[in-house]
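Have a look at the structure below, then the notes.
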Amino acid sequence: MNKKYLVLPAVLVVAAAVVATVRLWPTELRTLREQNLCLGMLTERTAGLLQDGMGGAVRVDESGPDGSGSGAKASDPVFSTVCFVNRENADDKSGMRLQYTLDVRPANALNDPPKGSTPVGGGLKGWVGQRQSEVQAPDGCAKEMGRTEAQYVTVTLKVSPVAIAGRDWDYASLKKDARTVILEAVENLAKQYDCAA
Numbered sequence: 001m002n003k004k005y006l007v008l009p010a011v012l013v014v015a016a017a018v019v020a021t022v023r024l025w026p027t028e029l030r031t032l033r034e035q036n037l038c039l040g041m042l043t044e045r046t047a048g049l050l051q052d053g054m055g056g057a058v059r060v061d062e063s064g065p066d067g068s069g070s071g072a073k074a075s076d077p078v079f080s081t082v083c084f085v086n087r088e089n090a091d092d093k094s095g096m097r098l099q100y101t102l103d104v105r106p107a108n109a110l111n112d113p114p115k116g117s118t119p120v121g122g123g124l125k126g127w128v129g130q131r132q133s134e135v136q137a138p139d140g141c142a143k144e145m146g147r148t149e150a151q152y153v154t155v156t157l158k159v160s161p162v163a164i165a166g167r168d169w170d171y172a173s174l175k176k177d178a179r180t181v182i183l184e185a186v187e188n189l190a191k192q193y194d195c196a197a
């Protein structure tokens with residue numbers, strides 16, 4: 001048999017092995033998404049901080065715009081998924097209680113902070129408000145996340161009225177927990193894409 005005909009199959013086998021190794025090699029993105037909630041942004045402990053005080057297990061619904069869930073997206077679903085963080089009702093007859101939502105979007109600027117909000121601090125741009133918080137991921141994240149049309153990536157947290165009322169309108173406590181939730185989300189997102197400041 002002529003050796004020149006064996007070169008191509010050998011090259012193809014090596015290329016297939018390299019592709020399989022790269023796909024199976026553990027990455028920060030895969031690890032965090034397997035261990036955490038909300039596409040890897042929140043640990044279960046942190047996800048449960050913002051709640052209405054009525055108990056119940058934390059349940060997360062990662063839904064895309066068509067409502068079919070993040071599993072329906074072929075590639076990275078981070079920009080097309082809203083994470084709904086709920087609590088189960090004790091009687092389990094009336095479903096879930098929405099506590100807050102968390103989503104990631106490309107943006108060219110932050111929205112103006114509402115009255116009563118405070119700067120997020122920690123070297124990040126953004127604010128924490130009574131009902132909504134918005135923080136920019138570190139500057140290099142938009143490029144690393146493949147969002148070259150936008151200058152920044154913004155993480156937005158919206159607290160449900162149920163959680164606010166359950167806290168007896170204690171905005172100081174809500175803002176403290178909201179700050180913890182959104183900072184962990186931004187930190188873990190930056191780790192996934194290796195774009196931390």
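Take the sequence shown: its position 145, counting from 1, is numbered 145 in the working numbering, and each next residue is one higher.
No residue lacks a Cβ here, since even glycine has one placed at the ideal position from N, Cα and C.
The structure presented is a predicted model; accordingly, all values stated were derived computationally and were not measured.
Check: Closest residue to R87 among P138, G40, P106 and L49 (Cα-Cα distance); Outcome: L49
Check: Residue(s) in a DSSP beta bridge with G123; Outcome: Partner(s): none; G123 has no beta bridge.
Check: Length of the line joining the Cα atoms of W169 and Q130; Outcome: 9 Å
Check: Proximity below 7 Å, CB of E134 to CB of N111; Outcome: yes
Check: E44 - DSSP class collapsed to helix/strand/coil; Outcome: helix
Check: Inter-residue CB distance, V181 and L42 (contact presumed, cutoff 8 Å); Outcome: 7 Å
Check: Beta-carbon separation (whole angstroms), K125 vs Q136, contact threshold 8 Å; Outcome: 4 Å
Check: Beta-ladder partner(s) of P106, from DSSP; Outcome: V153
Check: C-beta contact flag for P138 and A196 at 7 Å; Outcome: yes
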